[in-house]
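Engineer:
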Amino acid sequence: RIGRWAAPVESLHNCPCPDMEKVVLVTGANSGIGLALCERLLTEDSQLLLCLACRNMKRAEDARSALLTSHINAHIDLLHLDVGSVQSVLTAAQEVKARYNRIDFLYLNAGIMPNPQVDVKALFKGLFSRNVINMFATAEGLLTQQDRLNSDGLQEVFATNLFGHFLLIRELEPLLCPGGQTSRIVWTSSSNARRSAFSIEDIQHRNGTEPYSSSKYASDMLSLALNRHKNSQGLFSSVICPGLVMTNLTYGILPSFFWTLIMPIMWLIRIFTNTFTLTPYNGAEALHWLFVQNPESLDPRAKYHSLTSGLGKNYTQSRQVSNQRPLLPQTLYCSSLLYVNLR
Ligand SMILES: NC(=O)c1ccc[n+]([C@@H]2O[C@H](COP(=O)([O-])OP(=O)(O)OC[C@H]3O[C@@H](n4cnc5c(N)ncnc54)[C@H](OP(=O)(O)O)[C@@H]3O)[C@@H](O)[C@H]2O)c1
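Start counting the sequence shown at 387; every next residue gets the next number (my numbering).
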């Protein structure tokens, strides 16, 4: 079924979105980077039709109210979507198909890192070492998580960060690239996406302690595979890393007082590095940047990084997904295998 992405124009129905209005759906839109992205998108294009896809409708309502305060005439819809539940994704996709005739941008941003355990010894050792920047940028060797099975019998991190989003793409096929138009998919990945944490024999990461890293690497692979298979049909996928951002997710790793305590060190380090974006607004830089790019000009194998200079200037930089060109053949092979597995 995934072979057919283009819906004939005559079959389009129920169209509240005039031709020139972009339809943008954002998952995990009620807080952190997702909410900051919505704010930035509305500032960029006041004609947007923005759909906040959230699992908690109270938080979604609050997010909409906050956005409407600064964008009084914005067209903002709410959609109930728990990406960690197969049934919720199927129901939400039906609802989206009933409401819109196309999706221009699908921002796959919702993500979890449950029960993170920090190796405190490694953290303090790293804080005063040369590796401090890389340690914060990638959390390599620092973070493990305790995953669990969800009610669908899937590993929760895999289901939320990857599979639910993939299922959503599949279910929304008729709205992607209709009538020869282009559609875009943008994944909020992470620099914590590491090849060593991912195994094609264990894509749910049942047997490891780094499900977050595994799921983010898998989303990088999947994006690569989508580009290989779907660019010719007008579907373009990109992955981004928002940098290190203070959000509910990071406050789940270490308590906010700890982050406040080490904030002077972080500001200091930001003079020498650019990955400490720190605020959701800065973290959403690459997500926003992609919105204004021509998809044909993008590198299908790149990860786009939100970066902030020591003086607070935001910019976006592309880096190869695997970061190791010699590994490209394996990366492409791995992405194809993952794609086939999920189908
Ligand atoms: N913060 C960082 O430094 C950092 C770095 C790299 C990558 N990221 C990625 O950035 C993305 C956004 O995270 P954030 O930092 O902005 O954290 P956040 O404030 O916790 O935002 C996560 C969003 O995802 C939603 N979400 C979680 N599980 C969901 C589910 N099952 N169904 C629907 N929505 C769900 C959350 O909704 P609720 O409010 O209902 O929980 C929330 O809106 C994530 O993919 C994360 O992995 C963050």
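We put the beta carbon where it would ideally sit given N, CA and C, even for glycine.
(1) If we call anything under 8 angstroms between Cβ atoms a contact, is L421 one with L428?
(2) Spatial neighbours of Q433 within its chain, please: CB distance less than 6 angstroms, with the 5 preceding and 5 following residues excluded, ordered by chain position.
(3) Return yes when the Cβ of N634 is within less than 8 angstroms of the Cβ of S601, no when it is not.
(4) Pairs of beta-carbons, one from the region 715-729 and one from the region 651-666, closer than 8 angstroms: are there three or more?
(5) Can you tell me the Cβ-Cβ gap for R733 and L561, rounded? I've got them flagged as a contact below 8 angstroms.
(6) Determine the DSSP secondary structure at L723, reduced to helix, strand or coil.
(7) Put Y598 into one of helix, strand or coil per three-state DSSP.
(8) Please state whether the Cβ-Cβ distance between L411 and V472 is less than 8 angstroms.
(9) Given 7 angstroms as the limit, tell me if C627 has its C-beta closer than that to any heavy atom belonging to ligand 1.
(10) Relative to the C-alpha of N495, which residue among V504, A415, V475 is closest?
(11) Can you tell which of H691, Y701, L714, K699 has the C-alpha that lies nearest to the C-alpha of T524?
(12) Mind reading off the beta-carbon distance from L528 to L513? Whole number of angstroms is fine, and I expect it under 8 angstroms.
(13) Just to confirm before moving on: does the CB-CB distance between S624 and V572 stay below 8 angstroms?
(14) Using 7 angstroms as the cut-off, classify the Cβ of A496 as near or not near the heavy atoms of ligand 1, replying yes or no.
(15) From T636 to L693, what does the alpha carbon distance come to, in whole angstroms?
(16) Would you check if the distance between the CB atom of P681 and the CB atom of T568 is smaller than 8 angstroms?
(17) So what's D490 in DSSP terms, helix, strand or just coil?
(18) Excluding the 5 residues preceding and the 5 following I419 in the sequence, name in chain order all residues of the same chain whose CB lies nearer than 8 angstroms to its CB.
(19) Going by DSSP, what residues sit across from S575 in a beta bridge?
Structural biologist: This is what the structure gives:
(1) Translated into the one-based positions of the sequence shown, residue 421 becomes position 35. Translated into the one-based positions of the sequence shown, residue 428 becomes position 42. Not in contact: L421 and L428 (Cβ atoms no closer than 8 angstroms).
(2) Translated into the one-based positions of the sequence shown, residue 433 becomes position 47. So the qualifying residues of the chain are E407.
(3) Within the sequence shown, numbered from 1, the residue matching residue 601 stands at position 215. Within the sequence shown, numbered from 1, the residue matching residue 634 stands at position 248. No, the Cβ-Cβ distance between S601 and N634 is not below 8 angstroms.
(4) no
(5) As shown, the chain starts at 387 and ends at 729. That puts residue 733 outside it, with no answer to give.
(6) Reading the sequence shown from its first residue, position 337 is the one you call residue 723. Note: L723 maps to helix in three-state DSSP.
(7) Along the sequence shown, read from residue 1 onward, the residue named residue 598 stands at position 212. Reduced to three states, the DSSP call for Y598 is helix.
(8) By one-based count along the sequence shown, residue 411 stands at place 25. By one-based count along the sequence shown, residue 472 stands at place 86. No, they are not a contact pair.
(9) The residue given as residue 627 occupies position 241 in the sequence shown. Yes, ligand 1 has a heavy atom inside 7 angstroms of this Cβ.
(10) Here residue 495 refers to the residue found at position 109 when the sequence shown is read from its first residue. Per the Cα distances, A415.
(11) Here the question's residue 524 lines up with position 138 in the sequence shown. When only C-alpha atoms are compared, the closest one is H691.
(12) By one-based count along the sequence shown, residue 528 stands at place 142. By one-based count along the sequence shown, residue 513 stands at place 127. Not confirmed; about 11 angstroms, so no contact.
(13) To locate residue 624, count along the sequence shown from 1; it is residue 238. To locate residue 572, count along the sequence shown from 1; it is residue 186. Cβ distance < 8 angstroms, so S624 and V572 count as in contact.
(14) Locating residue 496 in the sequence shown gives position 110, counting from the first residue. Yes; taking the cut-off as 7 angstroms, the Cβ of A496 has a heavy atom of ligand 1 nearer than that.
(15) Mapped onto the sequence shown, residue 636 falls at position 250. Mapped onto the sequence shown, residue 693 falls at position 307. Going by the C-alpha atoms only, they are around 17 angstroms apart.
(16) Numbered from its first residue, the sequence shown carries residue 681 at position 295. Numbered from its first residue, the sequence shown carries residue 568 at position 182. It is a contact, given that the beta carbons lie within the stated cut-off.
(17) Walking along the sequence shown from the start, residue 490 turns up at place 104. Correct three-state label for D490: coil.
(18) If you number the sequence shown from 1, residue 419 lands on position 33. The answer, listed in chain order, is N495, T574, P628, V631, T633, P666, G669, A670, L673.
(19) In the sequence shown, residue 575 corresponds to position 189, counting from 1. Paired residue(s): none; S575 is not in a bridge.
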